[in-house]
Amino acid sequence: ETKDRVKTVAFGEDWDSFCVVYTSGACVYKNVPHDLDKLLRQRDKADLTCVSLGPDGEYFVSAQNGKAWWGGMNAENIAQMKPYKDRIVFMDFGDNDSFFVRYS
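The numbering used here puts the first residue of the sequence shown at 13, with every later residue one more than the last.
Structural data, given as structure tokens:
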């Protein structure tokens, strides 16, 4: 029996699109956006704190060291959050290109 517990769960644009992050920082995922899959494979680290998935291929990832990555957003939304890019600690996504950002 593992003592690793679920920390966050995110569901994406398709029925079978999800990502589960555990308290250890490890994750399991299926059918996530290509760029997110590539990022997770390249990093190959169990240090995640959160993954958010949007309904149109958007994603946000944060790590225990404070780094964060995001993608799948349209150019207008990226421009809106550009002033906060180094301070973003969480993002979530909704319909019609809506999103919200928590920053420090």
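Ideal Cβ placement from N, Cα and C applies to all residues, glycine included.
Within 10 angstroms of the beta-carbon of glutamate 88 lie fewer than 16 other beta-carbons, which makes it exposed.
In the structure shown, the three-state DSSP call for lysine 79 is coil. In this model, lysine 19 and alanine 91 are separated by some 30 Å (Cα to Cα). Straight across, the Cα-Cα distance linking valine 101 with proline 95 is about 14 Å. Closest in C-alpha terms to cysteine 39, from the list Pro45, Cys31, His46, comes Cys31. Put simply, the backbone Cα of valine 73 is about 16 Å away from that of serine 116. Cysteine 62 and valine 33 have their C-alpha atoms some 6 Å from each other.
Listed in chain order, the non-local C-beta contacts of asparagine 77 below 6 Å within the same chain number zero, local neighbours out to five positions each way being set aside. For the set Arg17, Asp59, Glu70, Ala58, the Cα lying nearest the Cα of aspartate 26 is the one of Glu70. Secondary structure at aspartate 109: coil, using DSSP grouped into helix, strand and coil.
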